[in-house]
């Protein structure tokens with residue numbers, strides 16, 4: 001369709017034209033050159049002028065893009081001829097010239113021409129890095145999720161550092177009616193993807209796998225890097241010396257390093273020991289670490305959920321995980337993959353160096369050589385390390401209003417004055433994409449998956465109803481938003497106060513329940529009443545006469561009881577010139593306490609009935625403890641899914 005005519009001074013890159021019809025900035029137009037090529041151009045600036053009130057003319061400044069010949073985008077060698085006719089560009093010319101390859105990542109439609117689908121080159125995106133920058137609420141996380149859906153469709157492994165747990169919703173197909181109604185416009189359908197969730201603390205993020213790292217053979221530089229405070233030269237010297245000596249002996253652990261430094265006589269060791277103890281106490285190192293290979297799987301999104309995790313721990317975990325991913329990728333132990341860094345200003349800030357800064361700089365500059373792509377996301381681009389932003393070849397920019405943030409993106413490749421002015425006026429969901437040929441304004445398509453960003457309803461009132469004694473858990477709705485519909489199962493237990501401590505006995509078999517390093521374990525109490533009585537009586541070395549005197553056990557029964565407890569390594573026998581004595585070795589049977597205390601909660605699930613009565617548990621407790629103060633029926637909560645269960649206290653997930 002004819003829309004205008006070129007006038008005035010022209011060139012090979014820009015020209016002006018009078019517009020006969022209404023035009024808008026970023027519209028695509030085309031003209032025919034002297035050799036018969038249809039040249040694609042884009043409107044950058046639109047102005048209206050009038051010599052009087054009746055004669056108003058629209059004039060436009062247009063940028064020349066070029067034409068495609070033999071697969072190559074060619075630019076003009078001769079200026080546009082004045083008086084050339086200007087036409088609106090049709091879908092075919094736009095697609096062919098911009099080379100919007102349908103084998104790429106489908107992210108949306110051209111904002112100026114909704115008939116044209118926009119595809120991004122996955123190879124360029126992943127290997128040359130990408131930034132997604134926008135003000136809060138402009139749609140950056142939504143846009144990233146659209147890109148992730150496309151990457152997962154192409155079986156590209158994804159690892160996401162997610163401070164808010166937003167991307168876990170990739171595991172759910174979109175069921176929002178408003179968005180379902182729009183899907184036909186974008187020619188897509190709802191879909192769910194494989195998501196595996198990890199967290200440094202599953203108690204905060206129930207249902208996640210615990211993320212830990214190996215504490216074996218840690219290097220001095222690595223320990224210095226993750227230390228909560230800067231190490232001095234003398235402390236580094238101690239660390240290097242200790243590790244060098246341990247290496248000569250073979251494999252070593254973090255505990256070995258601490259013990260080795262503790263043996264030195266240097267005054268510098270005390271602060272170093274404190275720092276190393278802090279690193280150990282963070283709980284991210286284990287002798288049974290997470291297998292990094294399981295986190296990088298084709299077609300899988302691995303989400304490291306940092307929601308509720310202290311910022312300093314987030315930084316240490318980010319450093320260690322990215323470091324391990326990079327080292328394993330360099331030797332081919334994990335496939336090429338895409339690393340998503342949400343809230344990047346917290347992991348690689350512009351004006352300070354934190355624990356994770358250096359490794360992220362390394363990935364930005366060297367990751368592409370090894371097939372490790374980086375996606376940097378932030379609502380405050382001015383606060384992100386400029387060295388890292390400059391390494392990202394593709395920039396996806398949504399609405400930005402802060403002047404400092406606008407300045408930070410103004411030097412992006414392909415940015416023009418006209419384009420820069422548009423950024424502050426973009427509608428939510430409209431993105432400027434730079435670096436994949438030329439600037440494109442794109443109406444981002446709706447998600448195939450459910451959006452994870454939800455707002456808390458402050459007017460929601462608490463439930464009322466019958467209450468039972470149970471243990472506080474994270475609200476069920478918080479877990480359901482990530483894992484789908486769940487049901488709470490209340491498992492019967494008996495909470496006991498005895499000898500100034502608290503204990504938990506399960507109500508089916510009477511075993512002792514205890515928490516060891518955030519893993520709930522059971523301690524069997526497979527003892528008869530006489531065996532329990534003997535265990536209580538045997539406080540030192542005793543012969544049979546003393547035992548009979550202090551207990552109600554008969555002589556005939558005592559022989560059997562002693563034999564049984566000796567077989568169970570609860571009791572040992574010592575024979576000497578004075579005769580035979582029996583004693584309980586230290587820690588032969590130690591009842592583990594349970595520190596969590598029950599409170600009244602409103603029933604929100606199914607309650608199991610205990611098989612054992614309080615009287616039965618009382619007998620066992622009185623045989624184990626000197627003084628039993630209180631026994632209460634209390635219920636241990638589990639969140640039950642279709643084929644898994646989540647411990648309501650530790651948050652650990654288990655398949656069933």
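In my numbering, the protein residues as written are 1 to 656.
Quick reminder that beta carbons are idealized off the backbone N, C-alpha and C, glycines included.
These figures come from a predicted structure and were not determined experimentally.
Which same chain residues end up closer than 8 angstroms to residue i when comparing Cβ atoms and leaving out the 5 residues on each side of it in sequence?
{"i": "residue 129", "result": "364, 367, 368, 373, 374, 375, 376, 391, 392, 393 and 394"}
{"i": "residue 12", "result": "64, 75, 76, 77, 78, 79 and 80"}
{"i": "residue 103", "result": "119"}
{"i": "residue 677", "result": "With the chain represented from 1 up to 656, any question about residue 677 goes unanswered, as that position is not in the structure."}
{"i": "residue 83", "result": "5, 6 and 7"}
{"i": "residue 262", "result": "269 and 273"}
{"i": "residue 257", "result": "218, 223, 239, 242, 243, 246 and 276"}
{"i": "residue 340", "result": "144, 148, 158, 159, 160, 161, 162, 167, 375 and 377"}
{"i": "residue 216", "result": "251, 252, 253 and 287"}
{"i": "residue 616", "result": "510"}
Using C-beta distances below 6 angstroms, list every residue in its chain close to residue i, excluding the 5 sequence neighbours before and after it, in chain order.
{"i": "residue 473", "result": "637 and 648"}
{"i": "residue 630", "result": "497"}
{"i": "residue 508", "result": "611"}
{"i": "residue 458", "result": "Residue placement at residue 458 is poorly supported in this model, since its pLDDT is 45, which falls under 50; the coordinates are not used for a value here."}
{"i": "residue 125", "result": "394"}
{"i": "residue 328", "result": "292 and 334"}
Hey, residue i and residue j are a contact pair by Cβ (cut 8 angstroms); roughly how many whole angstroms apart?
{"i": "residue 520", "j": "residue 650", "result": "6 angstroms"}
{"i": "residue 163", "j": "residue 306", "result": "5 angstroms"}
{"i": "residue 608", "j": "residue 491", "result": "6 angstroms"}
{"i": "residue 658", "j": "residue 302", "result": "This structure does not reach residue 658, given that the chain is present from 1 up to 656, and the question cannot be answered."}
{"i": "residue 430", "j": "residue 111", "result": "6 angstroms"}
{"i": "residue 254", "j": "residue 285", "result": "6 angstroms"}
{"i": "residue 211", "j": "residue 290", "result": "5 angstroms"}
{"i": "residue 443", "j": "residue 109", "result": "5 angstroms"}
{"i": "residue 298", "j": "residue 155", "result": "4 angstroms"}
{"i": "residue 523", "j": "residue 478", "result": "Residue 523 to residue 478, Cβ: 31 angstroms. No contact."}
{"i": "residue 46", "j": "residue 23", "result": "6 angstroms"}
{"i": "residue 433", "j": "residue 399", "result": "With a Cβ gap of about 14 angstroms, residue 433 and residue 399 do not count as contacting."}
{"i": "residue 2", "j": "residue 87", "result": "6 angstroms"}
Are residue i and residue j closer than 7 angstroms when you measure CB to CB?
{"i": "residue 397", "j": "residue 384", "result": "no"}
{"i": "residue 240", "j": "residue 450", "result": "no"}
{"i": "residue 428", "j": "residue 133", "result": "no"}
{"i": "residue 107", "j": "residue 91", "result": "no"}
{"i": "residue 58", "j": "residue 48", "result": "yes"}
{"i": "residue 471", "j": "residue 596", "result": "yes"}
{"i": "residue 166", "j": "residue 446", "result": "no"}
{"i": "residue 504", "j": "residue 594", "result": "yes"}
{"i": "residue 158", "j": "residue 448", "result": "no"}
{"i": "residue 722", "j": "residue 371", "result": "Coverage of the chain is limited to positions 1 through 656, which leaves residue 722 absent and any answer about it impossible."}
{"i": "residue 28", "j": "residue 42", "result": "yes"}
{"i": "residue 452", "j": "residue 234", "result": "no"}
{"i": "residue 614", "j": "residue 469", "result": "no"}
{"i": "residue 653", "j": "residue 308", "result": "no"}
{"i": "residue 668", "j": "residue 20", "result": "Residue 668 falls outside the range modelled here, since the chain spans only 1 to 656, and no answer is possible."}
{"i": "residue 296", "j": "residue 337", "result": "yes"}
{"i": "residue 315", "j": "residue 279", "result": "no"}
{"i": "residue 603", "j": "residue 476", "result": "no"}
Span of the alpha helix (DSSP H) holding residue i?
{"i": "residue 561", "result": "555-567"}
{"i": "residue 514", "result": "Run containing residue 514: none in the alpha helix (DSSP H); it sits in the beta strand (DSSP E), 512-516."}
{"i": "residue 323", "result": "311-330"}
{"i": "residue 293", "result": "Unbroken run through residue 293: none, as it is neither H nor E."}
{"i": "residue 95", "result": "91-98"}
{"i": "residue 122", "result": "122-127"}
{"i": "residue 186", "result": "177-186"}
{"i": "residue 28", "result": "Element bounds for residue 28: not the alpha helix (DSSP H) but the beta strand (DSSP E), 28-32."}
{"i": "residue 644", "result": "It is not in any alpha helix (DSSP H) - residue 644 instead sits in the beta strand (DSSP E) that spans 644-647."}
Excluding sequence positions up to five away, which residues of its chain have a Cβ less than 7 angstroms from the Cβ of residue i?
{"i": "residue 344", "result": "376, 377, 378 and 384"}
{"i": "residue 551", "result": "533, 534 and 537"}
Tell me which residue opens and which closes the beta strand (DSSP E) that residue i is part of.
{"i": "residue 530", "result": "Here residue 530 belongs to no beta strand (DSSP E); instead the alpha helix (DSSP H) covers 529-537."}
{"i": "residue 395", "result": "394-397"}
{"i": "residue 337", "result": "337-341"}
{"i": "residue 371", "result": "Careful: residue 371 lies outside any beta strand (DSSP E) and carries neither H nor E."}
{"i": "residue 305", "result": "300-305"}
{"i": "residue 630", "result": "628-640"}
{"i": "residue 16", "result": "14-19"}
{"i": "residue 88", "result": "85-88"}
Check whether the Cβ of residue i lies closer than 6 angstroms to any heavy atom of the ligand FAD, and answer yes or no.
{"i": "residue 376", "result": "This structure lacks the ligand FAD, and indeed carries no ligand of any kind."}
Check the Cβ-Cβ distances between residue i and every residue of chain B, and say whether any is below 7 angstroms.
{"i": "residue 328", "result": "The structure shown has no chain B; it contains just one protein chain."}
Three or more beta-carbon pairs under 8 angstroms between the segment 219-227 and the segment 187-206, yes or no?
no
Report yes or no: do three or more beta-carbon pairs, one from the segment 614-623 and one from the segment 165-181, lie closer than 8 angstroms?
no
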